[in-house]
Amino acid sequence: MKKLLQKIEIPTFLKDIRLAIAMIVIFALCIIGAVVGLALNLFFGMIIFIIFLLLVISFIYGTMILSENTTNFVSNLSYRIKRGEQEALIKMPIGILLYDDQKQIQWVNPYLQLYFGNKEVIGKKISAVDYDLSTLVEKTVDSQTIENQVVTWGKRQFEMSIQDDLGVLYLLDVTRYAEIEQRYLSEKMTIGQLFLDNYDELSQSMDDQTISSLNNYITHTLTSWANQYQMYLKRVDDDHFLILAHFDQLNDAERDRFTVLDKIREETSKQNYPITLSIGFAYGVDDLSELATLAQRNLDLALGRGGDQVVIKNQTDSARFYGGKSNPMEKRTRVRARMVSQALRDTIKDRDEIFVMGHKHPDMDAIGAALGISRIAKMNNKKAYVVLDNAHLNYDVQRLYDLFLDKEEDAERFITPQQALSMADDKSLLVMVDHSKPSMSESSELYEKLENSTVVIDHHRRGEEFPENPMLVYIEPYASSTCELVTEMLEYQPKKADNITKIEASAMLAGIIVDTKSFSLRTGTRTFDAASYLRSVGADNKLIQDLLKEDLNQFINRNHLISTIEIIKPGMALLKGEDDQIYDPIVAAQAVDMSLSLDNIEAAFIITRRDKNTIGISARSVGKVNVQVIMEKLGGGGHLSNAATQLKDETIDVASEQLIEAIETYQAEEEPEEQE
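The opening residue of the sequence shown carries number 1 in full-length UniProt numbering; numbering runs sequentially from there.
Below, the structure written as structure tokens:
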């Protein structure tokens, strides 16, 4: 019996104390029942005792069978698990590599060995077997990330996971799925809106035969270009085309830098009817309606920057610009000026108070345009205020401001940004002049308060930063100045006794003179028309001369800056101020303008400190170098021949290095086009 009990190996699950107690209770009850039965009736007690013995024997036998079956099941399961692990390591489609602290390979499974070919890898360092794999392992280990990395090894892509503490590398070949993902991304839909910038103006002076010839050339050229990149092109209007393309095809056209713009502009120029194109491309949105809206916004951005360029942008990334090489041509018409003037008049009539605001450190163009808008408001019986921080004024604007302070009724027209914030309400209107970037405004807080009641009037090319929901936008990069635009609008306002004053007319003419460098840059026939009108309503040359007189210290500082000139690239000059010296932006602009008059200088840049935390860079060009593109690389903007930017918390030397890097990038982008 003792040997029998020793043979019985009770399974672990039967050794549970709760189960043992239950079995003891059952046996105890059986024994008690047998004893009670014997006491009451010998025959009945014997039957109960025999049943009890049979129960004990059955239990012992059942336990032996259960123990044997359990042992067999566990052994079989353990064998299958171990065999499965071994088979998985050897046959499953995941590469496994074991390595030691010295990055020597200790073992690889057969699946990974297939990627090494017939190489002997055991005992060798990973770098000796495959340098690329070793580099990937080092990078992944150094990144200390717990997430799997998708890497490219050879011609295939793998999902890599490393347990460096155990010395195990796992590689899952995901090439097929990566190709599916890449195909999905490359075939995503993009929409382009193409516009012929000046088609209407040119076609008005052409006969039918010439128009037909021009249309045939444009359609043939654009169709050939679209076919080259497998795009769908459809003409939906005389000057409007719709483009559908896959994302991969758009990338191919982008790598070519949209040379079709240059081709059409140059070929049509030879025929004396220069046509320029503007294109807005959008991608990255699944909703086609939303994608088309985004493409139209990008086209508006291209047109707002002067046209003759391509804008590519999705909803989140920064816009990419191509083209924009030609100098803006005077394409706007007086019809548009009259329509905008009327629209501004209607907008003003619905508002209680109008606030007019230029950019920070306003120049004569900004302040002159602000005075012109305030006069338009007064012509329509509305009170308008010019928002001005009178603690930070340039010397010419300070002189003008002092003239208004002499007249009590005019002095009330100027208010500080803090006063404007306290006065503004839901019935107020904000007019931004000579800028369209809210961050450049005299008061960004005032814009935020009135962002849904904003009008933008500017002559600079539109940038990515722009008011979200402007009520009216009048941006004409072809104008010489904002004062020119406002002057044209004044001509279409009601003629009353409170017409423009002598000081206001003089200030606006001074703004035109400053921005055109005395009518020597960016002037068209409309510029002289505006100047003539201002002279006719009282602009005084003597007063303008007094306003624009140069301060002696400013004259000395300007000449000092000119003396720092150095040639950083062939045809490019750089002027730099001292890091501990703050220079007036007007002085810096005058210095860089004068440097263009020197021989063999095509473009000039000046770097000066504007305040303790701000570095200003102004750029000028005679037209061959597109300084706008260079400044945009540094976060700024402007015109092809006149642009600027500001850098925060940098030194003059660091700003100089960033500028030279931007110039080199610009030149690298331009060289392929020149070679073609």
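Backbone N, C-alpha and C fix where the C-beta goes; we use that ideal spot for every residue, glycine too.
Assuming residue i is part of the alpha helix (DSSP H), what are its boundary residues?
| i | result |
| --- | --- |
| lysine 270 | 260-270 |
| lysine 542 | 541-547 |
| isoleucine 368 | Before going on, a small fix: residue 368 reads as glycine here, not isoleucine. Run containing glycine 368: 364-379, per the alpha helix (DSSP H) assignment. |
| glutamate 296 | Sequence inspection shows glutamine at residue 296; the glutamate mentioned does not correspond to that position. Counting along the chain, the alpha helix (DSSP H) containing glutamine 296 begins and ends at 288-304. |
| phenylalanine 241 | Premise fails: phenylalanine 241 lies in the beta strand (DSSP E), 240-246, not in any alpha helix (DSSP H). |
| alanine 128 | 126-129 |
Measure the alpha-carbon distance for residue i versus residue j and round it to whole angstroms.
| i | j | result |
| --- | --- | --- |
| residue 692 | aspartate 396 | Since the first residue of the chain shown is 1 and the last is 676, residue 692 is not available in this structure. |
| serine 422 | alanine 411 | 19 angstroms |
| alanine 662 | valine 121 | 48 angstroms |
| glutamate 330 | glycine 524 | Summary for glutamate 330: the model assigns pLDDT 49, below 50, so the residue's position carries little reliability, and this model does not support an answer. |
| leucine 196 | alanine 589 | 34 angstroms |
| aspartate 649 | asparagine 314 | 30 angstroms |
| glycine 511 | aspartate 363 | 8 angstroms |
| asparagine 559 | serine 203 | 49 angstroms |
| isoleucine 275 | serine 520 | 26 angstroms |
| aspartate 252 | aspartate 286 | 21 angstroms |
| serine 436 | arginine 297 | 16 angstroms |
| glutamate 632 | threonine 645 | 8 angstroms |
| aspartate 580 | threonine 608 | 10 angstroms |
| asparagine 469 | tyrosine 111 | 60 angstroms |
| isoleucine 660 | valine 627 | 12 angstroms |
| aspartate 434 | leucine 403 | 22 angstroms |
| glutamate 673 | lysine 124 | In this prediction, glutamate 673 scores a pLDDT of 49, lower than 50, which makes its location untrustworthy; no coordinate-derived value is stated. |
| serine 444 | proline 438 | 6 angstroms |
| serine 518 | glutamate 187 | 53 angstroms |
| glutamine 308 | leucine 277 | Glutamine is not the amino acid found at residue 308; the sequence shown has aspartate there. About 5 angstroms. |
| glycine 37 | phenylalanine 59 | 22 angstroms |
| aspartate 208 | glutamate 267 | 20 angstroms |
| methionine 572 | aspartate 599 | 11 angstroms |
| leucine 4 | alanine 39 | Its pLDDT being 47, under 50, leucine 4 is placed unreliably by the model, and the measurement read from it follows with that caveat. Going from the Cα of leucine 4 to the Cα of alanine 39 covers about 32 angstroms. |
Classify residue i as buried or exposed, calling it buried when 16 or more other Cβ atoms lie within 10 Å of its own Cβ.
| i | result |
| --- | --- |
| alanine 128 | exposed |
| glutamate 669 | exposed |
| isoleucine 163 | A small correction: the amino acid at residue 163 is glutamine; isoleucine does not occupy that position in the sequence shown. Glutamine 163 should be labelled exposed. |
| methionine 339 | exposed |
| methionine 160 | buried |
| methionine 432 | buried |
| methionine 1 | Summary for methionine 1: the model assigns pLDDT 46, below 50, so the residue's position carries little reliability; its value from the coordinates is reported in the next sentence. That one is exposed. |
| alanine 360 | Reading the sequence as shown, one finds lysine at residue 360 and not alanine. Burial call: buried. |
| threonine 527 | buried |
| asparagine 557 | buried |
| leucine 42 | exposed |
What are the boundary residues of the beta strand (DSSP E) that includes residue i?
| i | result |
| --- | --- |
| histidine 220 | Premise fails: histidine 220 lies in the alpha helix (DSSP H), 208-228, not in any beta strand (DSSP E). |
| tyrosine 447 | Careful: tyrosine 447 lies outside any beta strand (DSSP E), inside the alpha helix (DSSP H) at 444-449. |
| aspartate 458 | 454-458 |
| histidine 560 | Premise fails: histidine 560 lies in the alpha helix (DSSP H), 552-563, not in any beta strand (DSSP E). |
| lysine 648 | 642-648 |
| tyrosine 474 | 472-475 |
Please state if the CB of residue j and the CB of residue i are separated by a distance shorter than 9 angstroms.
| i | j | result |
| --- | --- | --- |
| leucine 244 | isoleucine 191 | yes |
| arginine 461 | glycine 358 | no |
| valine 629 | glutamate 602 | no |
| isoleucine 500 | glycine 372 | yes |
| leucine 261 | glycine 304 | no |
| alanine 619 | valine 654 | no |
| threonine 219 | arginine 235 | yes |
| tyrosine 447 | leucine 429 | no |
| leucine 596 | serine 621 | yes |
| lysine 382 | arginine 351 | yes |
| leucine 344 | tyrosine 474 | yes |
| leucine 114 | tryptophan 107 | no |
| serine 641 | arginine 535 | no |
| aspartate 165 | glycine 95 | no |
| leucine 288 | methionine 206 | no |
| residue 690 | phenylalanine 466 | The chain is shown from 1 up to 676; residue 690 falls before or after that span and cannot be answered. |
| alanine 319 | glutamine 193 | no |
I'd like to confirm the pairing. Which residues does DSSP put opposite residue i in its beta bridges?
| i | result |
| --- | --- |
| aspartate 173 | Phe158 |
| phenylalanine 355 | Tyr385, Leu430 |
| threonine 572 | At residue 572 the sequence reads methionine, which differs from the threonine that was named. Looking at the DSSP assignment, methionine 572 forms a beta bridge with Lys569, Ala603. |
| phenylalanine 281 | Gly192, Ile312 |
| aspartate 346 | Bridge partners of aspartate 346: none, in fact. |
| phenylalanine 321 | Val311 |
| leucine 598 | Beta-bridge pairing links leucine 598 to no other residue. |
| leucine 97 | Val108, Leu169 |
Can you find a heavy atom of the ligand ZN that lies under 8 angstroms from the Cβ of residue i?
| i | result |
| --- | --- |
| phenylalanine 49 | Looking at this structure, you won't find the ligand ZN or any other ligand, since it has none at all. |
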